[in-house]
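In the numbering used here, the protein residues as written are 24 to 74.
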């Protein structure tokens, strides 16, 4: 998440039993969400390449 430069919330902050999950707010323009997904994809791919 830090590498992707995204801000997520702890799932447990919203509902009991969701500790350990992360929550992504998608209430934003599609262009912003699209960019966030690209950043997340790039970070995941980069991490997988290092394994």
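Beta carbons: idealized from backbone N, C-alpha and C, even for Gly.
Are residue 56 and residue 49 close, meaning C-beta to C-beta below 8 Å?
yes
Where DSSP assigns a beta bridge to residue 33, which residues make up the other side?
45
On the premise that residue 26 lies in contact with residue 59, defined as a C-beta separation below 8 Å, what is that separation, rounded to the nearest angstrom?
That pair is no contact at about 13 Å.
For residue 45, which residues of its own chain have a beta-carbon under 8 Å away from its beta-carbon, when the five flanking residues on both sides are left out?
Taken in chain order, the residues that qualify are 24, 31, 32, 33 and 34.
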